[in-house]
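In our numbering, the protein residues as written are -10 to 157.
Just so you know, even glycine gets a beta-carbon here, dropped at the ideal spot from N, CA and C.
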């Protein structure tokens, strides 16, 4: 009888958790301008974005692009909970990426693989609020990642923003 009661209680806790949506996730809305990732001739090129799920942001904030590109796992150590390399973002593209986050993830680190990485602003840290759907609007302009300024959207744009190719 006590085993049955424990099973019912555990099932109830899981149902309550789902109903109250205690999960933590992030939606990252990328908006790339037509001039992103220029090559040596100034032609726009697609850019690859690395997403680092971090327990702490201190080590990530100390690193530079090349150090993370060559050995993020070793450099970030125990702060790195997981990582994802996104499908490349093309000039002029707008895309939403949905990330499921483990409870220990407190920050998301972004790294853009810009061709001219030495002059780029390729790294960004985003704080995560647990038990929430965190939404970030990120602009990609030339060789720079930045928080996008809010703009009014048409219905079509709103629908496009919530779609994602996959959940990470």
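### Every unbroken alpha helix (DSSP H) inside the region -1 to 71 [4 residues or more]
As far as the region -1 to 71 is concerned, its whole alpha helix (DSSP H) runs of at least 4 residues are 47 to 51 and 54 to 65.
### Message
Excluding the 5 residues flanking residue 98 on each side, which residues of the same chain have their C-beta closer than 6 Å to its C-beta?
### Response
For the purposes of this step, residue 98 is taken as residue 109 along the chain shown, with counting starting at 1. 41, 43, 49 and 114.
### Task
Would you decide whether residue 56 is buried or exposed? Buried here means 16 or more other CB atoms lie within 10 Å of its CB.
Along the chain shown, read from residue 1 onward, the residue named residue 56 stands at position 67. The residue is exposed, with fewer than 16 neighbouring Cβ atoms inside 10 Å.
### Task
Would you kindly report the start and end of the unbroken beta strand (DSSP E) that includes residue 87?
Start at 1 with the first residue of the chain shown, and residue 87 comes out as number 98. In the DSSP assignment, residue 87 falls within the beta strand (DSSP E) that extends over 83 to 90.
### Residues of its chain near residue 4, where Cβ-Cβ distance is below 8 Å and the 5 sequence neighbours each way are ignored
Counted from its first residue, the chain shown places residue 4 at position 15. Per-residue confidence for residue 4 stands at a pLDDT of 48, beneath the threshold of 50, marking its modelled position as unreliable; the derived number appears in the next sentence. Only residues of its own chain outside the window of five on either side were considered, and among them none has a CB closer than 8 Å to the CB of residue 4.
### Which residues DSSP lists as bridging residue 123, in chain order
On the chain shown, residue 123 is found 134 positions in, with the first residue counted as 1. Bridge partners of residue 123: 15.
#### Entry: Reference residue 79; option with closest CA among 35, 86 and 72
On the chain shown, residue 79 is found 90 positions in, with the first residue counted as 1. Ranking the options by Cα distance to residue 79, first place goes to 35.
### Task
Report yes or no: do the region 70 to 85 and the region 23 to 39 share at least 3 C-beta pairs separated by less than 8 Å?
The region 70 to 85 is in contact with the region 23 to 39.
### Which listed residue (108, 81, 69 and 109) has its alpha carbon closest to that of residue 92
In the chain shown, the residue the question calls residue 92 occupies position 103. Among 108, 81, 69 and 109, the Cα nearest to that of residue 92 is on 69.
### Query
With 16 as the cutoff for other CB atoms within 10 Å, does residue 136 come out buried or exposed?
Residue mapping note: residue 136 aligns to position 147 of the chain shown, counting from 1. By the neighbour-count rule (16 or more Cβ atoms within 10 Å), residue 136 is not buried but exposed.
### Task
Spatial neighbours of residue 62 within its chain, please: CB distance less than 7 Å, with the 5 preceding and 5 following residues excluded, ordered by chain position.
Your numbering for residue 62 matches position 73 in the chain shown. 69.
### Query
Buried or exposed: where does residue 104 fall if 16 or more other Cβ atoms within 10 Å of its Cβ makes it buried?
Position 115 of the chain shown, counted from the first residue, corresponds to residue 104. Exposed, since its Cβ has fewer than 16 Cβ neighbours within 10 Å.
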